[in-house]
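Mapped onto numbering that gives the first Met the number 0, the consecutive letters of the sequence shown carry residue numbers 0 to 241.
Just so you know, even glycine gets a beta-carbon here, dropped at the ideal spot from N, CA and C.
One structure below.
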Amino acid sequence: MRELLDFLHFGHVSWEVLQAMIPLVGFFIFFQIFYLKLPKKYVVNMVKGLILTMLGLALFLQGVQVGFMPVGTQMGEILGGMDHKWLLMPIGFILGLVATVAEPAVRILSHEVEKASAGSIRKDVILVTLSLGVALFVALGMARIIYGIPIHYIIVPGYLLALLLMLFCDGTFVAIAFDAGGVATGPMTVTFVLAVALGIASAIDGRDAILDGFGLIALVAMAPILSVMILGMVVTFIKNRS
Numbered sequence: 000m001r002e003l004l005d006f007l008h009f010g011h012v013s014w015e016v017l018q019a020m021i022p023l024v025g026f027f028i029f030f031q032i033f034y035l036k037l038p039k040k041y042v043v044n045m046v047k048g049l050i051l052t053m054l055g056l057a058l059f060l061q062g063v064q065v066g067f068m069p070v071g072t073q074m075g076e077i078l079g080g081m082d083h084k085w086l087l088m089p090i091g092f093i094l095g096l097v098a099t100v101a102e103p104a105v106r107i108l109s110h111e112v113e114k115a116s117a118g119s120i121r122k123d124v125i126l127v128t129l130s131l132g133v134a135l136f137v138a139l140g141m142a143r144i145i146y147g148i149p150i151h152y153i154i155v156p157g158y159l160l161a162l163l164l165m166l167f168c169d170g171t172f173v174a175i176a177f178d179a180g181g182v183a184t185g186p187m188t189v190t191f192v193l194a195v196a197l198g199i200a201s202a203i204d205g206r207d208a209i210l211d212g213f214g215l216i217a218l219v220a221m222a223p224i225l226s227v228m229i230l231g232m233v234v235t236f237i238k239n240r241s
């Protein structure tokens with residue numbers, strides 16, 4: 000019976016993915032008929048890619064709902080019950096680091112930056128910078144949960160600092176930084192790290208899962224903006240000295 004329910008739930012997830020993809024497919028069909036007129040072979044490859052994309056998204060979302068999020072929440076509840084709460088900060092650092100390294104969108108952005116800059120900005124440098132930045136802010140998010148720090152005490156100074164850094168940072172790195180803020184909040188971070196944070200907040204006495212657990216993704220989105228612009232300032236400083 001449970002297997003049947005899981006199968007039916009997968010069908011529901013697949014239908015949601017199909018609904019999300021239909022407008023995109025319709026958009027492509029319109030331009031193919033009236034403007035693009037691409038060769039049949041290219042269209043067939045596009046259809047194959049769309050089918051694989053929908054299947055992959057459906058499988059991923061199903062895996063998230065039956066695996067990632069429940070496991071993350073359980074882990075968070077266990078971690079939140081530890082006697083030494085300060086250990087959550089280094090644990091959060093490690094979680095943020097590995098989640099960002101595994102984030103597909105982060106790797107794609109790093110690759111595109113290296114390609115667009117003709118190799119002058121190495122993809123490994125961008126990947127390490129983003130990963131360390133997110134890791135630090137996930138650790139900061141754990142500290143916010145432990146000590147009940149209001150989120151605006153972190154968000155407001157953080158974005159004020161970002162605006163200040165824009166005045167001194169090279170425009171290339173500013174553009175990369177704000178795109179990096181979006182890709183860092185991908186499926187790995189949202190589904191796993193957020194679930195862990197919610198579990199921790201629900202397990203600590205005096206903390207509210209909604210008030211204290213949420214907000215971590217906002218910190219993750221801000222982390223790459225600051226870290227990439229700081230990297231840009233360091234690169235500019237080294238170039239000026241040489």
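When only Cα atoms are considered, A101 and G91 end up about 15 Å apart. Pairing M165 with M228, the inter-Cα distance amounts to about 7 Å.
In the DSSP assignment, I209 falls outside any alpha helix (DSSP H) and carries neither an H nor an E. Residue ranges of uninterrupted beta strand (DSSP E) with 3 or more members are absent from the segment 10-92; none lies entirely inside it.
Looking only at Q18, F59, L225, F29, the smallest Cα-Cα distance to S130 is reached by L225.
Your pair M141 and L218 does not check out as a contact, with CB atoms roughly 10 Å apart and the cut at 8 Å.
Excluding residues up to 5 positions away in sequence, S109 lie with their Cβ nearer than 6 Å to the Cβ of L126 in the same chain. Taken through DSSP and simplified to helix, strand or coil, E102 comes out as coil.
A117 carries a coil assignment under DSSP once its states are collapsed to helix, strand and coil.
It is roughly 39 Å from the alpha-carbon of M74 to the alpha-carbon of K114.
Secondary structure at G198: helix, using DSSP grouped into helix, strand and coil. With contacts defined as CB atoms closer than 8 Å, T72 and G198 qualify as a contacting pair. Here L193 is not near A134, since their CB atoms are 8 Å or more apart.
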